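Protein chains in written order, with my numbering: chain A, 77 to 190; chain B, 2 to 116.
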């Protein structure tokens, strides 16, 4: 079965710096890879999606890369702010058809220190 | 509604009791998903509905779990004879059908505690 590893349970970054989160997966590459943000007591909120034939996707201060050779995605937050503190989840959409649901990593708890 | 809603937000029950969790998806979203998030674990996919139909129920943890959806809208997840290991946050998500790979919209979850 597909396994997903996110680089660390917790990551402390100084405000203003770039935070880089890692998502590694085993086995076959998904059709799509998604990143979500989850705040305590809330459901995940979608941030970015990248397709298997895409190398990079950007949205404002966010950037996602996807390397199917390394079986890895990197998620970057530039000019980080304390409000960016949350748990970030990597999710694989294996088939793209949706019937299999998303396969999630355990998440990385990001703390941006003022 | 504006988003996916779930009820109750919190449920405390005694071992052996049955519980029913409800999900109201975003209006017009044909695809609906249930996930479970246990402490320290990632979200675990349970079941998918396309309209009122669930093609594959193999993701449900045991035969004590069942789910249904009526009218292509509201879905309920029922857990019979609850066990302590069922304690978790149960999340529901929806999305429009036909948009492969597109985001899922999550509800706030129901926190279930089995004593």
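By construction, the Cβ of each residue, glycine as well, lies at the ideal position given by its N, Cα and C atoms. Just so you know, these numbers come straight off a predicted model, no measurement behind them.
Determine which residues of the stretch 8–34 of chain B have a Cβ less than 7 Å from any Cβ of chain A, and write them out in chain order. Those would be 32, 34, in chain order.
Does the CB of residue 202 of chain A have a neighbour CB from chain B at under 9 Å? Outside the shown range of chain A (77 to 190) lies residue 202 of chain A, about which nothing can therefore be said.
List the endpoints of the continuous beta strand (DSSP E) containing residue 186 of chain A. In this chain, the beta strand (DSSP E) harbouring residue 186 of chain A covers 184–189.
On a Cα-Cα basis, can you pick out the residue from B:92, B:113, B:59, B:103 that is closest to residue 118 of chain A? Answer by Cα proximity: B:92.
Give every residue of the same chain whose Cβ lies closer than 6 Å to the Cβ of residue 90 of chain B, excluding the five residues on either side of it in the sequence, and list them in chain order. Close CB contacts of residue 90 of chain B within its chain, under the 6 Å cut and outside five residues either way in sequence, are with 38, 110, 112 (chain order).
When you compare only the Cα positions, how much space is there between residue 115 of chain B and residue 93 of chain A? Residue 93 of chain A has its alpha-carbon roughly 42 Å from the corresponding atom of residue 115 of chain B.
If we require 3 or more residues per run, which beta strand (DSSP E) segments fall completely within the stretch 3–83 of chain B? With a minimum length of 3 residues, the continuous beta strand (DSSP E) runs that stay inside the stretch 3–83 of chain B are 6–8, 11–14, 20–25, 32–38, 44–51, 66–70, 76–80.
Residue 73 of chain B versus residue 52 of chain B - alpha carbon distance: So the alpha carbons of these two residues sit roughly 5 Å apart.
Helix, strand or coil: how does DSSP classify residue 160 of chain A here? Assignment of residue 160 of chain A by DSSP, reduced to helix, strand and coil, places it in the helix class.
Got a sec: is the Cβ-Cβ distance from residue 5 of chain B to anything in chain A below 9 Å? Interface flag for residue 5 of chain B against chain A is set, since a Cβ pair is found closer than 9 Å.
Closer than 8 Å at the beta carbon, the chain A residues around residue 49 of chain B: By Cβ distance, chain A contributes 174, 175, 176, 177.
How many Å lie between residue 9 of chain B and residue 23 of chain B at the Cα? In this structure, the alpha-carbon of residue 9 of chain B lies about 7 Å from that of residue 23 of chain B.
Would you give the residue range spanned by the beta strand (DSSP E) that residue 95 of chain B belongs to? Residue 95 of chain B: member of the beta strand (DSSP E) spanning 89–96, first to last residue.
Any beta-carbon of chain A closer than 9 Å to the one on residue 62 of chain B? At a cut-off of 9 Å between beta carbons, residue 62 of chain B makes no contact with chain A.
Taking only three categories from DSSP, how would you classify residue 114 of chain A? Looking at residue 114 of chain A - three-state DSSP - the assignment turns out to be strand.
Just the C-alpha distance for residue 29 of chain B and residue 97 of chain B, rounded to the nearest angstrom, thanks. C-alpha separation (whole angstroms): 7 Å.
Tell me, which residues are paired with residue 81 of chain A by DSSP? According to DSSP, which records beta bridges pairwise, residue 81 of chain A is partnered with A:100.
Neighbouring residues, chain B, relative to residue 122 of chain A (Cβ below 8 Å): Those within 8 Å of residue 122 of chain A in chain B are 104, 105, 106.
Chain-ordered neighbours of residue 57 of chain B on chain A, where CB pairs are closer than 9 Å: Here the neighbours are 175, 176.
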